[in-house]
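For reference, each letter of the first sequence is one residue, going 3 to 368 in the working numbering.
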Amino acid sequence: MPAVGTAVDVDSRMRLVIRDVEEVVTLEELRSLLEVGGGRGYLGFEPSGLFHIGWLVWAYKFRELVEAGFRMTLLAATWHAWINDKLGGDMELIRAAARHVVDVLDALGLEGRFQVVYAEDLVDSAEYWGTLLRVAKHTSMARVRRALTIMGRRAEESESDFSKFVYPLMQVTDIFELDLDLALGGIDQRKAHMLARDVAEKIGRRKVVAVHTPLLPSLQGISRMDIAALPKDELMAEIKMSKSKPESAIFVTDSDEEIRAKVMRAYCPPRDVEGNPVLGIAKHIIFRGSEVEFVVERPSKYGGPVTYWRYEDLERDYVDGRVHPMDLKASVAEYLVKKVVGPIRSYAARPEREELLRKIRDAVTR
RNA sequence: CCCGCCGUAGCUCAGCGGCAGAGCGCCCGGCUGUAGUGUGGGGGCCGAGACCGGGUGGUCGGGGGUUCAAAUCCCCCCGGCGGGACCA
Numbered sequence: 003m004p005a006v007g008t009a010v011d012v013d014s015r016m017r018l019v020i021r022d023v024e025e026v027v028t029l030e031e032l033r034s035l036l037e038v039g040g041g042r043g044y045l046g047f048e049p050s051g052l053f054h055i056g057w058l059v060w061a062y063k064f065r066e067l068v069e070a071g072f073r074m075t076l077l078a079a080t081w082h083a084w085i086n087d088k089l090g091g092d093m094e095l096i097r098a099a100a101r102h103v104v105d106v107l108d109a110l111g112l113e114g115r116f117q118v119v120y121a122e123d124l125v126d127s128a129e130y131w132g133t134l135l136r137v138a139k140h141t142s143m144a145r146v147r148r149a150l151t152i153m154g155r156r157a158e159e160s161e162s163d164f165s166k167f168v169y170p171l172m173q174v175t176d177i178f179e180l181d182l183d184l185a186l187g188g189i190d191q192r193k194a195h196m197l198a199r200d201v202a203e204k205i206g207r208r209k210v211v212a213v214h215t216p217l218l219p220s221l222q223g224i225s226r227m228d229i230a231a232l233p234k235d236e237l238m239a240e241i242k243m244s245k246s247k248p249e250s251a252i253f254v255t256d257s258d259e260e261i262r263a264k265v266m267r268a269y270c271p272p273r274d275v276e277g278n279p280v281l282g283i284a285k286h287i288i289f290r291g292s293e294v295e296f297v298v299e300r301p302s303k304y305g306g307p308v309t310y311w312r313y314e315d316l317e318r319d320y321v322d323g324r325v326h327p328m329d330l331k332a333s334v335a336e337y338l339v340k341k342v343v344g345p346i347r348s349y350a351a352r353p354e355r356e357e358l359l360r361k362i363r364d365a366v367t368r
């Protein structure tokens, strides 16, 4: 049972929650929740394939919210994934991918400490659709369009099917139907969360506190790790994706050798912090805004090994050129292998999951 | 969450320190005597719309402040809308 009460306790839990977070809307509201011991929180994710380390950023925060006293729900957004044509629109595969994500959270020590809800169950009530209509009634078309995450470059309005426009309304409805106090997500979920806050005021529902985690840059240095599926030319898109996606992300099921190879191949310009995926991993996966022992193995002719406890120190040395991309990559890869992916893989990719993972992998690569 | 625009008659809006307005609507009347209704034919009755005249219209979103004077200027709040919000 989480201890409730003292101001000191609230402060430390506050620090835990806002650590290495991109943004909290609002800090005052978050504090109020912590003062009463937490509340109900959630994270919704689209089961779209294997778990990549970019998702660890929110997964760690999910765990910290549990530790801070929140009763967390993981929403497997199966219908949402279906709308975005993930996994070829195969609902069974989408469910399998969701199961895999639950495994990863369990591997992080969260087994039995959070609730899992499938979108299919949530949607299976008349009340859900009543709420969705109420949400829709208070949302203009322009506002929905603005909340759309898809439709980046090529996918213009004319080639979107209408389900894509229902998507943001569902995200908002999910929040209301789960009766939440807090919504967790990457900063890319900001639009949906803000829509939920706006609409909440209009229809007299609770306004969720929004906690947004940073996003990891793609290993290739362009865009983000989670490449959005293109509804454009399906076949071409699938082929392009299958070739590019495995290279742009590290999956928790990757072997040690795959991890090392991917990190070594990653975009990592010397002295450059901007959009640097390797530094990004160091910042948001390894250090995460706190003190961590991180050893950069460096050939003695360049100064020998250095130990960093704070990300800022590592970044400073990298910018100054004292840490070479080669050194950084090798060290980050080793850390990922031993401390991050290794433990997760041994649980989430255990033998009895082999069949499940193979199906998901095949579907993405197809 | 941030920025901006807008809240004035039932509706759409103008007015932006000096009597609260226009168009549309609504009500009354006039004019027309038509469409329609009704018939075997004729006649009569009822008669919309258009047009003309008259009338009906208001916590100027709410609260506070400045001023001799506030719809008008300032502050706060409420409501609506649009845009922004990692990256593109």
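For glycine and all other residues, C-beta sits at the position ideal for the given N, C-alpha and C.
Euclidean distance between Cα positions of residue i and residue j
i, j, result
"A350", "E113", "12 Å"
"G154", "R147", "Because the pLDDT of G154 is 44, which lies under 50, any placement of that residue in the model is unreliable, and the question is left without a value."
"R65", "V118", "14 Å"
"K165", "R208", "At residue 165 the sequence reads Ser, which differs from the Lys that was named. Rounded to whole angstroms, S165 to R208 spans 26 Å at the Cα level."
"D13", "V19", "10 Å"
"E122", "F167", "18 Å"
"L184", "L95", "29 Å"
"A365", "L89", "6 Å"
"M93", "V125", "14 Å"
"N86", "V201", "24 Å"
"I288", "Y337", "8 Å"
"A128", "R199", "23 Å"
"E354", "G305", "46 Å"
"Y269", "R42", "39 Å"
"V339", "S292", "20 Å"
"R290", "E179", "32 Å"
"R347", "G206", "44 Å"
"A263", "M16", "38 Å"
"A251", "G56", "8 Å"
"D322", "G111", "38 Å"
"P301", "V308", "10 Å"
"A194", "R145", "10 Å"
"E259", "V210", "42 Å"
"T215", "L32", "15 Å"
"S333", "D181", "43 Å"
"K204", "Y62", "33 Å"
"D329", "V297", "10 Å"
Best match in the options for proximity to residue i [C-alpha to C-alpha]
i, options, result
"V106", "G344, E299 and E260", "G344"
"K285", "V308, L218 and L32", "L218"
"G24", "D200, R192, L197 and E336", "Note that residue 24 corresponds to Glu in the displayed sequence, not to Gly. When each option's Cα is compared against that of E24, the closest is R192."
"G51", "E31, V26, R101 and V213", "R101"
"F253", "V103, I96 and Y62", "V103"
"I261", "L18, H54 and V19", "H54"
"G188", "A212, M172 and Y169", "A212"
"L221", "V298, D87 and E276", "E276"
"Y320", "P271, E203 and A83", "P271"
"E299", "R324, M172 and F178", "R324"
"S142", "P170, V210 and W84", "P170"
"W84", "M172, G56 and A144", "M172"
"W131", "W60, E249, L110 and V174", "V174"
"A149", "L197, Y62, F116 and S257", "L197"
"E249", "P279, R33 and D274", "P279"
"E314", "A332, G282 and P307", "G282"
"M424", "R312, A335 and L316", "Outside the modelled stretch of the chain, which goes from 3 to 368, sits residue 424, for which no answer is possible."
"R363", "E317, D256, Y120 and V342", "D256"
"T75", "V342, H326, R115 and D22", "R115"
Unbroken beta strand (DSSP E) run spanning residue i, endpoints
i, result
"E25", "E25 to V27"
"Q173", "Not the beta strand (DSSP E): Q173 falls in the alpha helix (DSSP H), residues S165 to E179."
"V211", "V211 to T215"
"R119", "It is worth fixing the name first, because residue 119 is Val in this sequence and not Arg. Where V119 is concerned, the enclosing beta strand (DSSP E) stretches over Q117 to Y120."
Heavy atom of the ligand HEM within 7 Å of residue i beta-carbon
i, result
"L110", "In the structure on display, the ligand HEM does not appear, and there are no ligands present to speak of."
Extent of the continuous alpha helix (DSSP H) run through residue i
i, result
"L186", "Careful: L186 lies outside any alpha helix (DSSP H), inside the beta strand (DSSP E) at L184 to G188."
"T133", "A128 to K139"
"V146", "M143 to A149"
"V339", "Note, V339: premise wrong, no alpha helix (DSSP H); not H, not E."
"L197", "R192 to I205"
"G114", "From DSSP, G114 is part of no alpha helix (DSSP H); its letter is neither H nor E."
"V345", "Checking the sequence shown, residue 345 turns out to be Pro, not Val. Where P345 is concerned, the enclosing alpha helix (DSSP H) stretches over G344 to A350."
"V265", "D258 to R267"
Touching or not, the segment 68-79 and the segment 41-59, by the rule of three or more beta carbon pairs under 8 Å? At 8 Å Cβ cutoff, the stretches touch.
Mind listing, in chain order, the continuous alpha helix (DSSP H) runs of no fewer than 4 residues lying wholly within the segment 272-314? If we require 4 residues or more, the alpha helix (DSSP H) runs fully inside the segment 272-314 come out as 279-283.
Entirely enclosed alpha helix (DSSP H) segments - the segment 17-97, minimum 4 residues: Correct list: 29-37, 58-69 and 80-85.
Cβ pair count under 8 Å reaching 3, the segment 62-74 against the segment 354-365: The segment 62-74, when compared against the segment 354-365, does not touch it at the 8 Å Cβ threshold.
Could you tell me whether the segment 124-140 touches the segment 27-41, where touching means 3 or more Cβ pairs closer than 8 Å? No, the segment 124-140 does not touch the segment 27-41.
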